[in-house]
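Taken in order, these protein sequences are the chains called A and B.
The end of the first sequence is residue 201 by full-length UniProt numbering, with every number in the run present.
The end of the second sequence is residue 201 by full-length UniProt numbering, with every number in the run present.
We put the beta carbon where it would ideally sit given N, CA and C, even for glycine.
Model, not experiment: these values are computed from the prediction.
Here's the structure we're looking at; comments come further down.
Protein chains: 2
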Amino acid sequence: MIRVLLAEDQAMVREALAALLGLEPDIEVVAQVARGDEVLAAARAHDVDVALLDIEMPGGTGIEAAAVLHGELPDLKLVVLTTFGRPGYLRGAMESGADAFLVKDAQAARLAEAIRRVLAGERVIDPALAAAALAEGANPLTDREREVLRAAADGSTNADLAATLHLSPGTVRNYLSTAIQKLAARNRTEAVRIARDKGWL
Amino acid sequence: MIRVLLAEDQAMVREALAALLGLEPDIEVVAQVARGDEVLAAARAHDVDVALLDIEMPGGTGIEAAAVLHGELPDLKLVVLTTFGRPGYLRGAMESGADAFLVKDAQAARLAEAIRRVLAGERVIDPALAAAALAEGANPLTDREREVLRAAADGSTNADLAATLHLSPGTVRNYLSTAIQKLAARNRTEAVRIARDKGWL
């Protein structure tokens with residue numbers, strides 16, 4: 001039996017995926033967690049073969065969890081599962097050691113198939129998304145620029161951002177204008193949208 | 001057997017929910033669709049007792065689909081299922097004739113339970129969310145203000161918005177400033193965020 005850990009924050013979706021995998025004769029979901037920072041302990045405790053990681057979770061994204069698992073448990077196979085097939089997400093997942101990258105738009109049968117294939121030593125990714133990620137290049141934003149852009153997404157003013165991030169208003173303005181320029185955007189809202197669509201935030 | 005129609009655009013999530021409901025001895029998923037505008041035909045073709053509707057779908061939201069089903073097939077029970085437990089979504093679903101409103105964060109067992117309860121003539125909603133929806137009042141935005149705010153969410157300029165929406169730039173400015181004022185926001189980005197959080201967009 002293939003022992004699977006399922007990390008997904010929406011309980012109903014998580015249990016539904018477990019029910020789906022439970023229909024497979026060779027797969028057993030042995031652990032379920034709802035937060036990125038619970039993944040490593042659960043993988044260790046349950047002697048897991050494959051971790052299935054949703055990207056958007058509290059307590060750290062699935063991509064961050066993949067990096068931790070890859071460092072601590074190098075034999076564990078990692079399948080990243082996401083609502084959004086963004087090129088930057090795929091790149092981030094692969095750089096973090098993921099073996100497979102699946103979108104929730106895919107047919108359900110692809111999930112069990114991906115689990116079996118990564119255990120056979122294969123990588124499983126969508127070729128079109130891989131092409132887009134490679135064509136697009138790496139994320140041009142620095143960590144600080146991403147942090148400021150993410151914080152700006154809710155309509156905060158420069159003064160708000162400066163207070164929240166413990167920066168001077170001038171520094172906030174500089175980070176924002178550099179990010180807007182790198183993304184060829186016309187304003188901060190467009191910059192947030194572009195960075196989000198590409199999976200760079 | 002309770003005959004269920006499942007409308008959800010993410011194939012993997014939809015099939016996983018079908019697998020979950022398939023474990024129940026008294027429930028049968030007899031139809032699955034991925035678009036809001038396919039719901040009515042499928043409900044008619046498969047003699048359905050309960051329609052389970054995701055809100056965010058292409059071809060019309062689950063709330064719009066609920067209104068259509070409620071008008072055309074008044075005996076059909078309607079369960080609205082959503083990622084986002086936004087008060088405005090709950091209000092919209094109830095006004096459209098939904099019998100139950102569930103978030104995907106809820107325990108999986110709640111889903112089958114809700115299906116059985118709506119068939120017994122009950123309404124199933126989260127009391128805390130209902131209280132929030134009632135406390136908050138109705139959506140203050142007009143259709144036009146919502147349209148302009150939605151279009152402004154990607155960072156479009158007033159000139160872009162005017163061209164896209166076939167309005168004059170002055171009219172766009174007026175709609176935006178009224179919306180910003182109604183939402184007690186400081187700028188359009190904050191207005192978009194507030195309206196989205198409340199489920200008013």
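For Phe-101 (chain A), DSSP records a beta bridge to A:Val-80. Val-48 (chain B) carries a coil assignment under DSSP once its states are collapsed to helix, strand and coil. About 15 angstroms separates the beta carbon of Thr-164 (chain B) from that of Thr-189 (chain A), a gap too long to meet the 8 angstroms contact definition.
Counting along the chain, Glu-64 (chain B) sits inside the alpha helix (DSSP H) bounded by residues 62 to 72.
With a contact defined as Cβ atoms closer than 8 angstroms, Ala-31 (chain A) and Val-48 (chain A) qualify at about 7 angstroms. Interface annotation for the segment 94 to 106 of chain B against chain A: Leu-102, Val-103, Lys-104, Asp-105 and Ala-106, criterion Cβ-Cβ distance under 9 angstroms. With fewer than 16 other beta carbons inside 10 angstroms of its own, Leu-23 (chain B) counts as exposed. Arg-193 (chain B): not part of any beta strand (DSSP E); member of the alpha helix (DSSP H) spanning 188 to 198, first to last residue. Rounded to whole angstroms, the gap between the alpha carbons of Ala-34 (chain A) and Leu-129 (chain B) is 22 angstroms.
Assigned with DSSP and collapsed to three states, Asp-26 (chain B) falls in coil, not helix or strand. Beyond the five residues adjoining it in sequence on each side, His-70 (chain A) comes within less than 7 angstroms, by CB distance, of Leu-78, Ser-96 and Gly-97 in the same chain, given in chain order. By the rule that beta-carbons nearer than 7 angstroms mark a contact, Asn-139 (chain B) does not touch chain A. In this structure the segment 171 to 181 of chain B touches the segment 144 to 155 of chain B; the number of beta carbon pairs closer than 8 angstroms is three or more. The Cβ atoms of Leu-141 (chain B) and Ala-151 (chain B) do not sit closer than 7 angstroms to each other.
In the structure shown, the three-state DSSP call for Gln-181 (chain B) is helix. The C-alpha of Gly-59 (chain A) is placed about 25 angstroms away from the C-alpha of Pro-87 (chain B).
Gln-10 (chain B) counts as buried, since at least 16 other C-beta atoms from the protein chains shown sit within 10 angstroms of its C-beta. Proximity of chain A to Asn-187 (chain B) at the Cβ level (cut-off 8 angstroms) is accounted for by Gly-155 and Thr-157, in chain order. According to the DSSP secondary-structure assignment, Asp-54 (chain B) is paired through a beta bridge with B:Leu-81. Under a 10 Å Cβ-count criterion, Glu-15 (chain A) is classified as buried, with 16 or more other Cβ atoms of the shown protein chains found around its own Cβ. Taking a contact as a CB-CB distance under 8 angstroms, the pair Val-50 (chain A) and Ala-7 (chain A) does not count as one, their CB atoms being some 11 angstroms apart. Following the DSSP letters along the chain, one finds Ile-2 (chain B) in no alpha helix (DSSP H) but inside the beta strand (DSSP E) bounded by residues 2 to 7.
In the displayed model, Ala-106 (chain B) falls within coil according to three-state DSSP, outside both helix and strand.
Around the beta-carbon of Gly-92 (chain A), 16 or more other beta-carbon atoms lie within 10 Å, marking it buried. At a cut-off of 7 angstroms, the C-beta of Arg-116 (chain B) has no neighbouring C-beta in chain A.
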